[in-house]
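Below: one structure, written as structure tokens.
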Amino acid sequence: MPADIRSFFGGKTSTPIREKETKKEEDSKKKRSKSRKIIDDSDDDEPAPPSKKSTPKKAPIKKPVKKDSPKGEETSTADYFATSSKPKPKPAKLTPTKSKTLESIESNSRSSARKKTTTSYNENNDDDFAFLDDDEDAGDDIFAADVKKNGKHKADGYVEVDSDDEPLPKPKKTTTKSKPTPKKKKEDVDMMDVGDDDFVVPDDSDDMMVLDKPAPKSGSKKRKSVDLDEDDDDDNLKPATKTSKSKSAKQPPAKKARAPKKNEPESSAVQAILDNIPTVRPPTPPPQDPNHKYDWRKAGAGGNAGAPPAAGSKEIPVGEENCLAGLTFVFTGLLETISREEGQELVKRYGGKVTTSPSSKTSFVVLGTDAGPSKLKKIANMKIKTINEDGLLALIRTMPANGGDGKAAEKNLEKKKADMDKVKREAEEMEKEEKGKIAEAEKAAKEARRIAAEKGIAPPAAAVRKPDLSSQLWTSKYAPTSMNQICGNKGAVEKIQKWLNGWAKAHKYGFTMRGAEGLGGYRAIIVHGPPGIGKTTAAHLAAKLAGYDVLESNASDTRSKKLVESGLNEVLNNNSLLGYFAGDGKKVDEHKKKIVLIMDEVDGMSAGDRGGVGALAKVCKKTDIPLILICNDRKLQKMKPFNDVALDIPFRRPTVEQVRSRIATICLREGLKLPINVIDALIEGSNKDIRQIINMISTAKLDQTAMDFDQGKSMTKAWEKHVVLKPWDICQKLLGGGMFAPASKATLNDKIELYFNDHEFSYLMIQENYLKTKPTLIGQMHGREANLKALQLADQAAESISDGDLVDRMIHGSQQQWSLMPTHAVFSAVRPASYVAGLVQGQVQFTSWLGNNSKMNKLLRYVKEIQSHMRLRSSGDRHEIRQQYLPVLWTQMIKRLEVEGKDCVDEVIDLMDSYFLTRDDFDYMMELGLGPQDEGRVHLETQTKSTFTRLYNARTHPLPFMKASNVVAPAKQTKEVPDLEEAMEEDDDEAIVEPKEEDDDEVDLKKDKYIKQPKVKKPAAAGGKKAASKKASKKKAKDDEEDDEESEEDVKPKKAAKPRGRPAGAKGTGKK
Amino acid sequence: MALLVDKHRPRSLDQLTYHKDLSERLRSLAQSGDFPHLLVYGPSGAGKKTRIVATLKELYGPGVEKIKIDSRVFQTTSNRKLEFNIVASVYHLEITPSDVGNYDRVVVQDLLKEVAQTQQVDQSAKQRFKVVVINEADHLTRDAQAALRRTMEKYSPNLRLILLANSTANIIAPIRSRTLLVRVAAPTEVEICDVLERSARKEGWVVAKELNARIAKESGRNLRRALLMYEAVHAQNEKVTDKTPIPPPDWEALIGQVAKEIIEEHSPARILQVRAKLYDLLTHCIPPTTILKTLTFKLIPQVDDTLKADVIKWSAFYEHRIRMGSKVIFHLEAFVAKFMRIVEEHLMEMDF
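Have a look at this one:
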């Protein structure tokens, strides 16, 4: 793909830039260092006149652009197009640029085709691609012979094993075989193509033709042999690994079924490569009959979310740029050496597409172990090619750049070209617009100068300053100026616009006519969605297009209740000045009289904006101008007031496609070369935050003119918004995220970092959930062995957690060794997870430790209370009370009540009194029961219970002591003293303190179980006193000393009138 | 109508039925007029407190039996208010500083000083000093113990301390050297049987010798426990014979259930189930060490002889960790996992 962009750029960008770029590419090239390739390329370049680029693989892409068009090779491209059954673009445009691009494609394919061979030369001698070497070295016959021999050997062996499975795949074979006829023709054409294409390098094409041509002509004999060989390869590849013999045995028939199929879709040399990808491995047939078996296995093995078993054992090849372009991949099952994410990234890096479920458009299914049965079924039904990991790697290794001239690649190219055209158009438009703006500004400036000159004054300074677009932030420079420039959320944007347009009318009807979409029923709308997707932009744009003057208020303004009320009220009844006046030389825009108020970042109204949200919601109900509220998180509690008063307009993240062209346009405008897959990576990496992407490329532009996939990746990584994970996510990541897989690139620090995302909960969550995993380390063990291994792992994990607790004690205990936090992280979270990491079964639970801990504290308080009551009678400490007394007391009290009913109530109360137990203690005891005495198992009859309560309340009970919580510590009173100077006067102190004490008394009496309160008397007295004290305090606030004295006199008699004896008495007993 | 334990509690040194020589020594100490600081230690249920109360009665006369609970509020340095209960008579105070956890130092400092700085109010009192009984002295923090040591010397004219502890291990040497160590050993099983018989006679119950012996054995020579079990047996059975089963306390029954679950199945899922039960035990204020110990002794008889030593080893290992760490469930669970692992490994070896 990048080639196309470049070719487009070729016309526009100046050479110096390109030169720089090539240098860069050289650098990147060196990293990969394939001398052979370079040589080949230079060969290819020989005919090219400009000598400056004898360099890397990208060079040829560009060069042809220059050299080819004058040379008049259009004929070949035209031919090419004519043959390749893609007539669409040709009539559309046969402009010079077009042909250039086509040419470039061709040259790409050419060079990459050669590359394929070279790679096989260089690297794959002992690889599974050995046959390719054979083919090169010893010639076709030998190769064929070899293959046949090999194939036969294996095939014979298989057939015997296979007999069971054959009936299943066979029907497929027949169905597929019927197809080849129409295909053959095409392939012939394709062959010619190949010839055309490869005329420069005849050796290569020869090889390919040998591989390809015989297939259709000699009735798929050769083809079959190739397939068998592939089979063979598969076996060679994974003899050690888990694939059971039966599985591989199923391959031959499937191969046959697939073989004809392969001929069908593709054209050209690419087809050859695709065919020869030794990887076409078909464990596909098994889907139907072992279906149950698969389900079972899946349940056992837990799917494919785990880490690859043999990770890191294979070297991941470096392929041609965009070599997978146009191909669609589906990953299923657990790959051998690379994780699924890695695999998908790999595909994306080389321009391929990854989808989640196989469809007719899928070019390859990358199959691992334990593939999902439903996917297998689909694969079988649609007869999609399946490859394994090695196949994928081989594809990458062998495919020509830009997917060669394969059909899929071509299609892809077309699409991309269309995209590019669009991008280009947009860029042009943008430029035009920009120019227009500048021109306008200049005109305005001129006008101003003219007016100034007429008036005989010096031109105003403002007019002199020209709008300098380059100084603008890209985000504002490329802010959308029309509705169709907004990426995504078209519906929402239209809704805003519709609402704004209909607002005046709706206002006239008093917002009673809701209309079809309910747009007429709201004075305000609330736009919400994640940051960076254009909410504010859309709101502004909509307002602008609807002819409103925008008034904006955001989090930088204080928006408290008062300010919202006062500030907005002024605004609400006003018209915009812009409707009447304009700056010098500008036309007055009559439509600008209307105002729209945009309240941005409503959820940013925080503590400083007390009551702001409520006030704003109120404004929403009666506003006379349209109000657009914008927030990120609509679900917040504090956004509740807007529930009914504003129309919800949710903004969603745009899709990659929606953003892509916009970004591409901007890149084009700025002369930054970003291949599409890099743009995609940026978009995905930033989670579709358009603003961030623009900022990123703006930064990138500062020091480079192109960016490759890896740079893009690393950039998104660096710009990644740091998200603090929730405890659940931490736990999920550690236990089930494949972090501990051998292939995982996560460092110890990464794992420790996870712990620090929430250091208070993460380890508790691990402790809660570590037993709920199915550890990968168990591997393929079964039955008791697996169980033993699981136990061992659990034990190791548990021991590590136990270690971690010792560290925790050192951190939170008396030593306060906070520097041990990372140690704690390792012991309490990382290490346990390293043992049991695998598949988390069921949901990740929140830690139960906290709940249990608080429950323990509560019950401990109960026990203490009971013990303190029993203390006079019994000598035991609280453990003794809990462990020995309580079970006996339980049987003597609760059990008796349960069994004997209300007859024994008196005796039970006697027993309680003898131990000074209160009614509350009785309940506590119920709660403290355990196991056989569990609270849930006790069924006291309601009658018994009520009798018990009644009798208990009716009787008097001995008191062992008084609670003395009303012995107020002196410090508290000093705190209450107000810091006003006048208030320091003694009288005042009394006036203030007095009600306080009263309060204390009240609370105490209520709390104390031993004191019965005369309910009638109390409130009146308290009320009277409170009134007095209130009066006193009020006066104190107003008057000076003399008045205070008076007021105190007022208070005093009342105090005397109060039943003073009670609190005093209570205090006295308490104190003694 | 209190329970047996408390109803029949001996009130004077004469009524104590075992450790006669110890009772005699205490009596002579009390009568000597030069009563030292005491550190009384022994397992729970051996009769420490009973003996001390009896000794106090010997010292001051029946006045010490008029006790009440007093509640005091202390303020810590961080302005936290602590409520603290004191059992007090005119002549003595009884405190449990471990009630307030880490703030026990505040209590010890403030309270003891306050008590020590005033003389005996009652002029007719037999002794000029007051006695402060400190329960659970072995749970005092280091700081509190350090605060004690100087107080003991400085205020000795006005104050005598009686420290009660289960063992002297946690008590710092300076304190041990300042006190007279009195060991109250657990009663023998015969002595327990004797006590049970006396109680039965007082209650008019039929004495079942076999049952008493069983209770004595079951109680682990804890007299309080034995008496409570005796009571429980009588409360739950109309007719008590030698064969009457002794109902285990609730928590022990639950631990028994846990042990059964552990033995039945060894798997991570089972550990999860056990965890829930362990949490139950812990939340209901059963000390983790008790859980671990009881569990271990319930597991031991059910495993192969060759494993027993291992099980004990790991049990001790994790008991230590429980003391060292803060979140006890982690260690209990680790023990369960370890136990399952070694048992399973053993079984697998046998199988293959």
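Going down the list, the protein sequences come from chains C and H.
Take the first sequence: its letter number 608 is residue 608 in the numbering used here, and every next letter is one higher.
Take the second sequence: its letter number 239 is residue 239 in the numbering used here, and every next letter is one higher.
Idealized CB from N, CA, C, for every residue including glycine.
As the structure is a prediction and not an experimental result, all values here were calculated from the model.
Top-ranked residue by Cα proximity to residue i, from the options
i	options	result
C:A401	C:F756, C:R349, C:S744	C:R349
C:G518	C:K535, C:E941, C:K498	C:K498
C:K701	C:E670, C:D710, C:R919, C:P675	C:E670
C:C667	C:N643, C:A706, C:G333	C:A706
C:F642	C:G612, C:V656, C:K495, C:T398	C:G612
C:L327	C:D633, C:V354, C:A746, C:G901	C:V354
H:E261	H:S78, H:H331, H:Y155, H:V336	H:V336
C:G931	C:C731, C:P887, C:Q637	C:P887
Cβ-based burial, residue i [other Cβ within 10 Å; buried from 16]
i	result
C:R465	In this prediction, C:R465 scores a pLDDT of 49, lower than 50, which makes its location untrustworthy; the coordinate-derived value is nonetheless stated afterwards. Exposed.
C:K262	Because C:K262 sits at a pLDDT of 41, beneath the cut-off of 50, its placement in the model cannot be relied upon, and the following sentence gives the value as read from the coordinates. Buried.
H:A276	exposed
H:Y91	buried
H:E344	buried
C:M810	buried
H:E24	exposed
C:H812	exposed
7 Å Cβ cutoff, residue i in contact with chain C
i	result
H:A232	yes
H:H346	no
H:T118	no
H:E333	yes
H:A46	no
H:V64	no
H:P174	no
H:E189	no
H:V206	no
H:N85	yes
Residues bridged to residue i [DSSP beta-bridge criterion]
i	result
C:S553	C:M599
C:E799	BP columns for C:E799 are empty, so no partner.
C:P775	C:G838
C:T386	C:V365
C:A706	C:K673
H:Y41	H:A165, H:R183
C:K631	Correcting the residue type first, residue 631 of chain C is Cys in the shown sequence and not Lys. Per DSSP, C:H528.
H:D70	H:I86
C:V905	For C:V905, which the question treats as bridged, DSSP gives no partner whatsoever.
Any C-beta of chain H under 7 Å from that of residue i
i	result
C:D417	In the sequence on display, residue 417 of chain C carries Lys and not Asp. Judged by the 7 Å Cβ criterion, C:K417 is not in contact with chain H.
C:A794	yes
C:R871	yes
C:H824	no
C:K562	no
C:L859	yes
C:S762	no
C:T699	no
C:S834	no
Residue i Cβ short of 6 Å to the ligand MN heavy atom set
i	result
H:F330	Among the ligands in the structure shown, none appear at all, so the ligand MN cannot be discussed.
> Of all the residues that make up the stretch 318-331 of chain H, which are near chain C by a beta-carbon distance shorter than 8 Å?
Replying inline: Y318, R321, M324, G325, S326, K327, I329, F330, H331
> When you check each C-beta in the stretch 142-167 of chain H against every C-beta of chain C, which residues fall closer than 8 Å?
Replying inline: none
>> Against chain C, which members of the stretch 252-266 of chain H pass a CB distance test of less than 7 Å?
In response: A253, L254, Q257, H266
> Taking any Cβ of chain C, which residues in the stretch 285-300 of chain H have a Cβ under 8 Å from it, in chain order?
Replying inline: C285, I286, P287, T290
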